[in-house]
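Numbering (mature numbering (1 follows the signal peptide of the UniProt record, and there is no 0)), first residue to last: -18 to -1, 1 to 527. Virtual Cβ for every residue (Gly too), placed ideally from N, Cα, C. Since the model is a prediction, treat every value here as computed from it, not as a measurement. The structure under discussion appears below in the form of structure tokens.
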Amino acid sequence: MRRTALAAVLSSALIATACSNPDGGSTSAEGASDADKNDTVVLLTGDELGQYNPIGVHGRSGDSHIFEGLYRVEPGVVDKQPELQPVLAAGPATANSDNTVWTVPVASGIKFSDGTDFGPEDVVATFKAIQDERSASEEASTWDFVKSVEEKDGNVVFTLERPFAEFPRLLLNGIAPSEAFDFNNLGPAEDSELNTKPVGTGPYKLESLRADEAVLTARDDYRAGAPEVKKIVVRHAPDENSRAQQIKSGEGDGTILEPKLALDFDGQDGYTVTAATSADWRGITLPSGNPFTGDAKVRQALNYAIDRDAMVRDVLDGKGHANSTFFASFYGKAFDKDSQFTHDQEKAEKLLDEAGWTKGADGIREKDGQKASFDIIYFPNRDAARLDLTLATVSDLKKIGVEANPVAIEPKNISADQVHTTPVMLGGGELPYTVDSQIYRLLHGKYAVAGQGGKFDNASDYSNPAIDALLDAARSESDADKRDELYRSLQREYIENPAMLQIAYVDHMYVTRDQGYKTSPLVLEPHSHGVTFGPWLHINEWTKK
């Protein structure tokens, strides 16, 4: 049976302000029954509520309680690349001989939260909406190599412009009903009704929504069984110190915090502090359009100048690991541990001298009347570690005669000219479940061309034909060993001509109050993090101890 209209799912009931449960259990909405209090989890988030559209960024890595993707990543695997597990797919995807056509079998007997049937047409419509320019989706550049998405014999067939051996590992984003998209009158994803009235196949549905609170209720008809956690209350609390205090006072059951705040709970009875391994990197762009950072030797020097280990130790409280090439041990044989930048101030100074940047009377280097001085833009309302890492970088660069100045600008206010000329402290790693999806848009020269990709794709405007050739060859190589060798070669090339100043991969720190549940295993987390990740990613699988 197919739908004739998209059903509304918002309830008129709003949940009042939460209070602490006097018996030490979870908090819940005022007026709820005792039974409700025992199966409600209150989560505190710094993220704004209401952007639930999978055509935007919601659930891009399978992190949604409302929507599901064709596949999900294997829980419990954090030190290597996880396997894929079918969710809306009926089994693994299969490819033609050159990996340009991928066929995904679609599961049957699955229903959306409005009671209507899920089918392959919903997958096709979702991907077409992402690719449609009218949607202005931030996800569009992820799929820019997909030529067509079609339904065929109950399957979904993806035809690619070029071979891609690991394509199925991208198929994690949430699927919405086809009726949610009026392709005759499609508008921007940010304006879609799906943001506030989502309809998905996941274990929870949105019951009520306001600016400071969203309430999700468990679906009794969920195909894997009704979740034991019956209600998730998500409250908007942008200040981290406030979130920490609310957890201490019993006003919340879980949140994500910076390491220093999270570790205050470590060892306290009734709380669990969890450090989730992630592929979420922090790094600073080095634009080719900047008169100083546009020099390859300068970029090498800056990479040798910073003490990444000290930053992880002092800024991240040891919750992360130093990294300089975007490759890490969780990429297995593709990772070349010998192709990393070490901290070597003497070598950094020598490289700058060779490039003609010599110290002036004030200790700042200069060349042809140009000072070795630049701004570093950071986003003030993101994680506090970005500013602290920026300041640590500024301090290290000063030791080699380079002046860097932190400047706070919101992402939406950064102009294209600034991206092309001014270093920016970024975080990334949205889809780290292949090397390709971690680095292709970060390094490939095609994204240095105006109008190609997203705002921060290849934000350094890096152009290196050798890197481009290796990226393209690895993407199409079906033999895993040969692909790994191509990526090792890429790293050896990269340390001779780096694009950015990557600093570290950061751990995500979660604090939970004990409510008597056995929680689900963690996954290797992407850049996305918060109360849809960590121990709550598969909250529908929690069971009472």
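Taking the alpha carbon of residue i as the point to measure from, which residue in the options has its own alpha carbon closest?
i	options	result
residue 445	523, 422, 192	422
residue 373	135, 290, 468	290
residue 193	167, 205, 220	220
residue 159	180, 147, 149, 469	180
residue 37	95, 112, 87	112
residue 420	61, 35, 263, 339	263
residue 579	117, 207, 211	Nothing about residue 579 can be read from this structure; the chain reaches only from -18 to 527.
residue 293	66, 485, 364, 35	485
residue 468	188, 153, 449	449
residue 27	238, 131, 80	238
residue 150	191, 253, 43	43
residue 175	163, 310, 186	163
residue 121	170, 148, 99, 146	170
residue 184	320, 204, 322	204
residue 146	454, 343, 475, 217	454
residue 265	201, 342, 367, 195	367
residue 215	209, 236, 74, 223	236
residue 127	428, 202, 514, 522	428
residue 352	275, 306, 202, 92	275
residue 470	364, 307, 523	307
residue 480	267, 271, 248, 295	267
residue 106	347, 155, 30	155
residue 277	32, 434, 334	334
residue 41	152, 132, 133, 143	152
residue 64	98, 123, 148	148
residue 354	394, 424, 281	281
residue 53	279, 74, 33, 35	74
Pull up the CB-CB distance for residue i and residue j, whole angstroms please, since I reckon it's below 8 Å.
i	j	result
residue 213	residue 22	4 Å
residue 76	residue 82	With 8 Å as the limit, residue 76 and residue 82 do not qualify as a contact, their Cβ atoms being about 13 Å apart.
residue 508	residue 412	6 Å
residue 70	residue 55	Going by Cβ atoms, the distance from residue 70 to residue 55 rounds to 14 Å, so no, they are not a contact pair.
residue 555	residue 499	Residue 555 lies beyond the stretch modelled for the chain, which goes from -18 to 527, so this question has no answer here.
residue 257	residue 286	Rounded, the Cβ-Cβ distance is 29 Å, inconsistent with contact.
Quick one: what's residue i bridged to in DSSP?
i	result
residue 301	Looking at the DSSP assignment, residue 301 forms no beta bridge with any residue, so it has no partner.
residue 266	407, 483
residue 320	BP columns for residue 320 are empty, so no partner.
residue 23	214
residue 387	357
residue 491	239, 257
residue 77	84
residue 66	55
residue 134	137
residue 347	341
residue 192	195
residue 507	260
residue 128	142
residue 98	DSSP output for residue 98 lists no bridge partner at all.
residue 451	In DSSP, residue 451 forms no bridge with anything.
residue 352	349
Please classify residue i as buried or exposed, where buried requires at least 16 neighbouring CB atoms within 10 angstroms.
i	result
residue 399	exposed
residue 375	buried
residue 340	exposed
residue 141	exposed
residue 95	buried
residue 390	exposed
residue 78	exposed
residue 431	exposed
residue 72	exposed
residue 8	Any reading at residue 8 needs caution, since the residue's pLDDT is 36, under 50, leaving its predicted position unreliable; the model's value is listed next. Buried: at least 16 other Cβ atoms inside 10 Å.
residue 464	exposed
residue 110	buried
residue 15	Only weak support exists for where residue 15 lies, its pLDDT of 40 falling under 50; the value from the coordinates is given anyway. Classification of residue 15: exposed, given that the 10 Å Cβ count is below 16.
residue 115	exposed
residue 387	exposed
residue 343	exposed
residue 514	buried
residue 208	exposed
residue 234	buried
residue 511	buried
residue 443	buried
residue 324	exposed
Would residue i count as contacting chain D if we go by Cβ distances under 8 Å?
i	result
residue 489	Absent from the structure is chain D; it holds one protein chain and no more.
- Message: Measuring CB atoms only, is the region 350 to 366 touching the region 402 to 410, in the sense that at least three cross pairs come out at less than 8 Å?
- Response: Counting Cβ pairs under 8 Å, three or more are found: they touch.
- Message: Between the region 487 to 496 and the region 315 to 327, can you find at least three pairs of beta-carbon atoms closer than 8 Å?
- Response: Cβ pair count under 8 Å is below three, so no.
- Query: Does the region 375 to 387 touch the region 455 to 467, meaning 3 or more C-beta pairs lie closer than 8 Å?
  - Reply: no
- Taking three-plus beta-carbon pairs below 8 Å as touching, is the region 168 to 184 in contact with the region 48 to 60? yes
- How do the region 241 to 256 and the region 295 to 305 stand: do at least 3 beta-carbon pairs fall below 8 Å, yes or no? Contact holds: three or more Cβ-Cβ distances are below 8 Å.
- Are the region 129 to 139 and the region 186 to 203 touching by the rule of at least three beta carbon pairs closer than 8 Å? no
- Task: Count the C-beta pairs between the region 58 to 68 and the region 498 to 508 that are closer than 8 Å, then say yes if the count reaches three, no if not.
- Result: By the C-beta criterion, the region 58 to 68 is judged to be in contact with the region 498 to 508, since at least 3 inter-stretch pairs fall below 8 Å.
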